[in-house]
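Student: Residue numbers (the working numbering): 197 to 304.
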């Protein structure tokens, strides 16, 4: 979700939020945010580089990104993939990271 200029931080040129749908609360929940800060932060911290050894110093461009809000991600995975028998069918893209396991079963 690309944020409008009124919702982004003063240092950001562009910000994207990553959101997941929560069926239980019937709302989208933000799980991460990523911003392009162009050279704003580099100017404040005086972070520069040279394209060529004798070239003039230029300010780098920086990105800010938060990690995933893991509890919200797990809640969304459970809510959207739980089956009537209590098992949770994992999305295909996660199966390789779960050693091929496709379904989570409740402890009995």
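We put the CB at the ideal spot given by N, CA and C, even for glycine. All values reported here derive from a predicted model rather than from experimental measurement.
What do you get for residue 204, buried or exposed, if any count of 16 or more other CB atoms within 10 angstroms of its CB means buried?
Tutor: Classification of residue 204: buried, given that the 10 Å Cβ count is 16 or more.
Student: Would you check if the segment 199–217 and the segment 260–272 touch, i.e. whether three or more CB-CB distances between them fall below 8 Å?
Tutor: Yes, since at least three Cβ pairs between the segment 260–272 and the segment 199–217 fall closer than 8 Å, the two stretches touch.
Student: Using a threshold of 8 Å, state whether the C-beta atoms of residue 228 and residue 264 are closer than that.
Tutor: Yes, the pair counts as a contact, with Cβ atoms nearer than the cut-off.
Student: Helix, strand or coil, according to DSSP, for residue 239 in the structure here?
Tutor: If DSSP states are grouped into helix, strand and coil, residue 239 belongs with the helices.
Student: For residue 297 and residue 291, which I take to be in contact (beta-carbon distance under 8 Å), what is that distance rounded to the nearest angstrom?
Tutor: Confirmed, about 7 Å.
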